[in-house]
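Reviewing the structure listed below.
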Amino acid sequence: MQETKPQAVSRATDDELLSLGRDVLSIEAEAVLTLARRLDASFVAATRMILGASGRVIVTGVGKSGHIGRKLAATFASTGTPAYFVHAAEAAHGDLGMITASDVVIALSNSGTTGEVLTIAPLIKRHGAHLIAITGNPSSALAKLADVHLDATIEREACPLNLAPTASTTAALALGDALAVALLDARGFGPDDFARSHPGGALGRRLLTRVSDVMRTGERIPRVPETATFAEALLEVTRGGMGMTAIVNDQNHAIGIFTDGDLRRLLGAETDMRGLKVADVMHRNPRSIAPDALAAEAAATMERARINQILVIDDAQQLVGALNTHDLMDAKVI
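Everything in the sequence shown is counted per full-length UniProt numbering, starting at 1 for the first residue and increasing by one.
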């Protein structure tokens, strides 16, 4: 049975660990800042090449560059540039068939001499696809093979041994992100487009959910006619379970609202409620929102006005719905 080796005890003090962490962040931050200062016409050429392609962006690499490549492909795909990742070693064993002449391939290799990437690079060119290389060595074989080379050279790795890919992977990631964002802007990719790529997330819900998707309709809308008594209005507030009732006229136009907050204020003022009509105590011209407005807009309106309920009015001024903060919370809009 193999004996488990005891874990090495750290000889570093807390201050030394903190100092090392800060050094790593500073080195990686400087690597990215250097990239920004060095960015040139090659970046524009790469962006134009992808914009002009009728196919997809295929990102390839191996090792740590492969991990960065997977992230970049996901970023491209979620920001309006269809993309996927192909491992360079797998490409050499059949997956190269995924690449067509209408595609643009982005190959990542810090050294620019990665064997698996260099094996497929000439074949990519032979297929007729365009090749963009991101390397830390402008004189490398991969850089020379590429149609466009993006220089991700760094001064040194953040690793104290100057060996582990740290600053170099950060630089490649940042350069790829810059390319994705430039493409996003050039394509006019907006919040609605982003939401359609992220329908399952909180942002997607906020950007795609409409008031009509979450509002209460039909019999679920608490409402009474303007001739209703105060007692009838209270019964409707209780029945509706929304902490309010709308007051409507004969044309189903909302002329007022009465809430449980209004009731508490009346009780505090010791108002004689016998013989009261709801029209005597309602708030006229209640706040409302259109059914096709974003649910997030309704939430913002309610927050600004410090109200818990809002009526939904269509273009014909008809009361078509109502919602409260609980409805928005249930829909995970807030």
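Virtual Cβ for every residue (Gly too), placed ideally from N, Cα, C.
If you draw a straight line from the alpha carbon of residue i to that of residue j, how long is it in whole angstroms?
i           : j           : result
residue 331 : residue 145 : 52 Å
residue 91  : residue 160 : 34 Å
residue 157 : residue 68  : 16 Å
residue 297 : residue 256 : 21 Å
residue 167 : residue 43  : 20 Å
residue 190 : residue 301 : 23 Å
residue 254 : residue 85  : 55 Å
residue 106 : residue 179 : 11 Å
residue 26  : residue 312 : 53 Å
residue 45  : residue 318 : 55 Å
residue 303 : residue 289 : 13 Å
residue 94  : residue 87  : 11 Å
residue 22  : residue 28  : 10 Å
residue 127 : residue 152 : 26 Å
residue 286 : residue 134 : 59 Å
residue 39  : residue 137 : 15 Å
residue 218 : residue 32  : 57 Å
residue 56  : residue 62  : 20 Å
residue 139 : residue 209 : 51 Å
residue 263 : residue 292 : 31 Å
residue 121 : residue 102 : 16 Å
residue 183 : residue 74  : 14 Å
residue 265 : residue 294 : 32 Å
residue 243 : residue 251 : 24 Å
residue 11  : residue 177 : 38 Å
residue 308 : residue 41  : 54 Å
residue 271 : residue 327 : 32 Å
residue 174 : residue 71  : 11 Å
residue 78  : residue 325 : 31 Å
residue 124 : residue 165 : 26 Å
residue 100 : residue 58  : 10 Å
residue 52  : residue 97  : 22 Å
residue 334 : residue 80  : 27 Å
Quick check on residue i: does DSSP put it in helix, strand or coil?
i           : result
residue 46  : helix
residue 52  : helix
residue 83  : strand
residue 283 : strand
residue 221 : coil
residue 334 : coil
residue 216 : strand
residue 40  : coil
residue 31  : helix
residue 13  : coil
residue 23  : helix
residue 271 : coil
Bridge partners of residue i, per DSSP?
i           : result
residue 277 : 229
residue 245 : 258
residue 310 : 323
residue 210 : 294
residue 289 : 312
Going by beta carbon distance, what residues of the same chain come within less than 6 Å of residue i, once the five residues before and after it are set aside?
i           : result
residue 130 : 49, 104, 147
residue 228 : 278
residue 171 : 31, 35, 152, 154
Can you list, in chain order, the residues of its chain whose CB lies under 7 Å from that of residue i, leaving out five sequence neighbours each side?
i           : result
residue 14  : none
residue 224 : 232, 233, 236, 245, 247, 278
residue 230 : 273, 276, 277, 278, 281
residue 143 : 112, 133, 135, 137, 149
residue 238 : none
By Cβ distance below 8 Å, which residues in the same chain neighbour residue i in space, the five residues on each side in sequence not counted?
i           : result
residue 321 : 211, 212, 215, 216, 217, 221, 291, 311, 312
residue 47  : 179, 182, 183, 186
residue 314 : 290, 291, 320
residue 54  : 102
residue 258 : 233, 237, 244, 245, 247, 278, 281, 282, 283
| Segments assigned alpha helix (DSSP H), at least 4 residues, entirely inside the UniProt domain "SIS" (45-189) | 63-78, 88-91, 115-127, 141-145, 167-186
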